[in-house]
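Visitor: This is the structure I have questions about; it appears just below.
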Amino acid sequence: HYFATSEIMSTYLVALVAGPYAEWRDEYRDEHGVIPLGLYCRASLAQYMDADRLFRETKQGFAFYHRNFGVRYPFRKYDQLFVPEFNAGAMENAGAVTFLEDYVFRSRVTRSLYERRAETLLHEMAHMWFGDLVTMRWWDDLWLNEAFAEYLGVRVTAEVTRYDRTWVSFCASRKAGGYAADQRPSTHPVAPEAVADTAQALVNFDGISYVKGASVLRQLAAWLGDEAFLAGLRAYIATHQFGNATLRDLLAAMSAASGRDLSGWADVWLRRAQVNTVRVVAEVDSAGRYAQVALEQTAPPEHPVLRPQRIGLGLYDRAGDATTRRDLLMVDLDPAVDHGRTLVDDLRGKPAAALLLPNDGDLAYAKVRLDSASAAAVPELLPGLADPLARAVLWAAMIDAVRDAERPVADLVALIRAALPSESDSVLVESVLTQARPIVDRYLEPSARVSALDHLAVACQRRLDTAPPGSSLQLAAARGLIAASRDTELLRAWLAGRGVPPGLSVDADVRWATLHRLVVLGAADAAAIEAEYDRDRSATGAEWAARCRASLPDAEAKDRAWRVIVEDTTMSNRLATATADGFWQPEQLALTQPYVSRYFAEMPAAATRRTPWVAERIAALAFPRYAVDPATSQAAAALLARDDLTAGLRRAVTDAADDLRRALAARERTQDG
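Right, dumping it as C-alpha cells:
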C-alpha cells in the first residue's frame, strides 16, 4: 500500500485503523472549499450510530474554528472512528480521530452524556490546531495541547450546539476533579518548569493539565477581553503552524494582541501549583444593612501564593418560593494591592441579601466558602434558585467543604434530601450523586453510612416520582436510586419488568446496573451474572460481567478477581480494569480485609506487567479505598518510601493515600461532634 505524502506532523499523531468497520460519509462545505468527513464504528454497533447528529456537531465545530482561528483546517480529510479496547477517551490523530466506542450509545443515556460526547468531539477538533498544527516542543507544555482543547471543547459546545449549558456541567463535574487533583501531594503547575521524561509526562494527563488549565484560560479571556484573547490565538497559530511552540511563544502572541505584560500572570497561574480559597466575611448592622463585606483569599502554607482573580458576587433574595438574584458584582482580587483581603465597598449600607454567592458565574478558579448566614440559608434557598450554574456553585461549595472536613457529611446528606427532589437539571442530579456517594461510603462509619444511603435513596425516589416520563431527569434519578437502594425486592422487580416507572426503559445498561447492585448486596449469584451475559454478548456486556463477578461476596470469587488484577496479563485491559473497579465494596469489608495488605505487597510487581497508563488506572481502582483505618495509611506511606515504584503506581498511591487522609479526618470530625 502506498500513501500520499502528508503534511508535516508530529510522529505521535499518526494512526492506522483497520477492521470490519461500518462507514458513513458526508462533507463540510463553505466558500473556501470542501472537507471530506467520515464516521466509522464496528459493524456490530452500526445500528446504534447516530451519524446525523455527529456530522451536524462536526460541521458546527468547523464553522466556529474557521471563523475564529484564521487558519483553515490543515489536513485533507476528517475521519472520526469509534474503536474498541481504547485506553483513552479519545485521541487527536491528524485527520483520523479515534474515540472509545462507548460513545456509540446502545442504551438510553442522559442529556449529559450526549453533551459530554459533543464536548469530546469538539475537544479533539480543537487539537487539530492546538497539538497537531502547532505542537508543544516538549511535555512541560502539555497544557498548550490539553488546556486549550478542554477550554474550547466546553466553550464551543455551549456556543454552537444544542448543549448550551456545558459550563454548568464543567462547574458541577469537571472542575471538582481539577480542584481535587490540585490539592493532592502529587499536584504540579499547569506548566511545569521541567518534565524529565515521558513516564513523568504520562502522569500529568490529569485534572490540572486539562481542567485547571481550561479554567485559567477562561479567566484570561475575561481579563483580556475576548477579542484580544482570540486575536492572540490567531497570531500564535499563524506564527507557529506546522511547527513547535512553547509557553513563551504563546505569551508573546497574547501580550502583543492585548498590550499587556503577562509574565507576572503566567508565573502565579501557570508556574505555581495548588488552589486558593475565597471566603466571604459579611458584617450586618442592626438595621439589616451591610456594615462591611470582604472577600478573603488564602493559600495553603506549602504553596503560599495568592492570585489575581475576577470573581462574581451574587446577591440573592427570597420571594415566596423563588430565590432571585438582586444584583451581580464583579470584584477584582489583586493581592499586590489588597494582600488577600478585598473590601466590597459597593455593598456598604445596602440591605443584606438572603444569600451572598461568591464565584457566581463560576468564572474564577478558586474554592469558595459562604458567610455563616448564607451557609445556614442554603437548604431553604437552593430549591428555589432558578439559575442552574448558581445551583452548581452552591452544590460544589458544600461538597468541597465536606471534603475538607469543614462541614460534617450529615450536612451534605441533609441538603441532598432537601434539595435534590426539586433539582430540575439532570446534570446536577448526576454530578451531586456521583460525588456524594464516595463521600458517604468512605467518610462515615458503617452504621452511619447505611442510614445516609437510605436518605440518598429517598431523595432519588422522590425525584423519580415527579420526573417527566422518558426524560434525562427520570433516568438520572433512577440510576441514583439503583446505586443507593438496599431494597432488593424493588431491584428484582425492575429486572423482571414489574413496577417500572412509566417512561423508564430497563435496557441493557440499566439491567446491568441493577444486577450489579443486587450482586453487591448478596441478592444475585454467579448464575444470574452468566444469564445476563447470555442476553448481552457485547463488549460492554463483557465488562459489566467482569465487574459483577469481582463484586460477588464470595471468597473464591474474590481470589479469582485478585489474580486477574495482579497476575493475569491475558485478559484485555478493559476487562482487567472492570475487575479492579468491582473488587472493593463497602458492604464487604470483612471479606476483603486480607487483600488490604496484599495490595501493598503485590502491586509494585503487578504495575510492571502492563503498559504505564493501564497499570496506573488499575492501581488506582485496586487501592483498598474502603479500608479507612490508620493502618492502611501507614502501609501506603511505607510503600511510597520505596524507590522502585513505577511513576504511575507512585502517583496512584499518593493520590489514594491523600483521599484516605481526608476520609480519616472526616470521621474524626464526626466523632468529635
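In my numbering, the protein residues as written are 189 to 861. Note that CB positions come from ideal geometry on N, CA and C, so glycine has one too.
On the three-pair Cβ rule with 8 Å, is the region 615-629 touching the region 665-672?
Guide: Enough Cβ pairs lie closer than 8 Å, so yes.
Visitor: Have a look at S659 and R838 and give me their C-alpha separation to the nearest angstrom.
Guide: The alpha-carbon atoms of S659 and R838 are separated by roughly 43 Å.
Visitor: Taking the beta strand (DSSP E) that R830 belongs to, which residues open and close that run?
Guide: First-last for R830: undefined, no H or E at that position.
Visitor: As a quick exercise: from T386, L661 and G502, pick the residue whose alpha carbon is nearest that of L582.
Guide: Closest by alpha carbon: G502.
Visitor: Who are the Cβ neighbours of A426 in its own chain at under 8 Å, not counting the five residues just before and after it?
Guide: Excluding positions up to five away in sequence, the list reads G258 and V259.
Visitor: Should S357 and V615 be called a contact, given that it needs their Cβ atoms to be closer than 8 Å?
Guide: Taking 8 Å as the Cβ cut-off, S357 and V615 qualify as a contacting pair.
Visitor: Would you identify the three-state DSSP class for Y351, choosing helix, strand or coil?
Guide: In this structure, Y351 counts as coil in the three-state DSSP scheme.
Visitor: Could you tell me which uninterrupted alpha helix (DSSP H) segments, each at least 4 residues in length, are contained entirely in the region 617-688, listed from first to last along the chain?
Guide: Listed in chain order, the complete alpha helix (DSSP H) runs (minimum 4 residues) inside the region 617-688 are 634-654, 660-672 and 676-683.
Visitor: Is the beta carbon of G319 less than 8 Å from the beta carbon of A337?
Guide: A contact, by the Cβ cut-off of 8 Å.
Visitor: What did DSSP end up calling P539 once you bin it into helix, strand or coil?
Guide: Looking at P539 - three-state DSSP - the assignment turns out to be strand.
Visitor: Spatial neighbours of A416 within its chain, please: C-beta separation below 6 Å, excluding the five flanking residues on both sides.
Guide: The answer, listed in chain order, is A445 and S446.
Visitor: Beta carbon of L516, beta carbon of A542: below 8 Å?
Guide: Cβ distance not < 8 Å, so L516 and A542 don't count as in contact.
Visitor: Determine, using beta-carbon pairs with one atom in the region 221-240 and one in the region 199-212, whether at least three such pairs fall under 8 Å.
Guide: Counting Cβ pairs under 8 Å, three or more are found: they touch.
Visitor: Can you look up T465 in the DSSP assignment and give me helix, strand or coil?
Guide: T465: strand per DSSP, three-state reduction.
Visitor: Can you list the beta strand (DSSP E) stretches of 3 or more residues lying completely in the region 541-625, in chain order?
Guide: Entirely contained in the region 541-625, the beta strand (DSSP E) runs reaching 3 residues are, in chain order, 543-546 and 555-557.
Visitor: Taking the straight line between their C-alpha atoms, what separation do you get for V617 and L608?
Guide: Whole-angstrom Cα-Cα distance: 7 Å.
Visitor: Which runs of the alpha helix (DSSP H) at least 4 residues long sit entirely within the region 758-843? Give them in chain order.
Guide: Qualifying alpha helix (DSSP H) stretches, in chain order: 761-771, 777-780, 782-794, 800-810 and 818-828.
Visitor: Can you tell me whether V707 sits near the ligand NAP, meaning its C-beta is under 7 Å from at least one heavy atom of the ligand?
Guide: For the structure depicted, the ligand NAP is absent and the ligand set is empty, with no information on it obtainable.
Visitor: Our contact map puts A479 next to V348 with C-beta atoms below 8 Å; I'd like the distance itself, whole angstroms only.
Guide: Between V348 and A479 the Cβ distance is about 46 Å, and since that is not below 8 Å, they are no contact.
Visitor: In whole angstroms, what is the alpha-carbon distance linking F270 and R255?
Guide: Distance between the alpha carbons of F270 and R255: 28 Å.
Visitor: So, is Q863 buried or exposed, given that buried needs 16 or more other C-beta atoms within 10 angstroms?
Guide: For residue 863 there is no data in the structure shown, the boundaries of the chain being 189 and 861.
Visitor: By how many angstroms is the C-alpha of Q623 removed from the C-alpha of L544?
Guide: C-alpha separation (whole angstroms): 24 Å.
Visitor: Closest to R296 by CA distance: which of V556, N432, D414 and P657 is it?
Guide: With distances taken between Cα atoms, R296 lies closest to P657.
Visitor: Would you identify the three-state DSSP class for G420, choosing helix, strand or coil?
Guide: Of the three classes helix, strand and coil, the one that applies to G420 here is helix, per DSSP.
Visitor: Measure from the alpha carbon of Q497 to the alpha carbon of each residue in R506, D550, A510 and F293, then state which is nearest.
Guide: Q497 has its Cα closest to that of D550, out of R506, D550, A510 and F293.
Visitor: Which of the three DSSP states is assigned to W317 in this structure?
Guide: Coil at W317, not helix or strand.
Visitor: Could you check where the alpha helix (DSSP H) with Q407 kicks off and where it finishes?
Guide: Start and end: G401 to L412.
Visitor: Contact defined as beta carbons within less than 8 Å: I believe A664 pairs with L692. What is the distance between those atoms, to the nearest angstrom?
Guide: Actually they are not in contact, since the Cβ atoms of A664 and L692 sit about 11 Å apart, beyond 8 Å.
Visitor: Select from L483, Y291, G572 and T511 the residue whose C-alpha is nearest the C-alpha of R529.
Guide: Of the candidates L483, Y291, G572 and T511, the one whose C-alpha sits nearest the C-alpha of R529 is L483.
Visitor: Taking R477 as the reference, give the member of V463, R506 and A540 with the closest Cα.
Guide: Looking at the Cα atoms, A540 is the closest of the given residues.
Visitor: Going by beta carbon distance, what residues of the same chain come within less than 6 Å of A606, once the five residues before and after it are set aside?
Guide: Once the five neighbours on either side are set aside, the close Cβ partners of A606 are P567.
Visitor: For the 8 Å Cβ check, are there 3 or more pairs between the region 319-333 and the region 547-563?
Guide: These segments do not touch.
Visitor: Note the first and the last residue of the continuous alpha helix (DSSP H) segment covering Y721.
Guide: Looking at the DSSP string, the run of the alpha helix (DSSP H) that includes Y721 is A714 to R723.
Visitor: Would you mind working out which of S194, P634 and G668 sits nearest R650, comparing C-alpha positions?
Guide: It is G668.
Visitor: On the criterion of 16 or more Cβ atoms from any shown chain inside 10 Å, does M518 qualify as buried, or is it exposed?
Guide: Flag for M518 reads exposed.
Visitor: May I ask which residues mark the beginning and end of the beta strand (DSSP E) holding R513?
Guide: It spans A510 to L521 - the beta strand (DSSP E) in which R513 sits, taken as one unbroken run.
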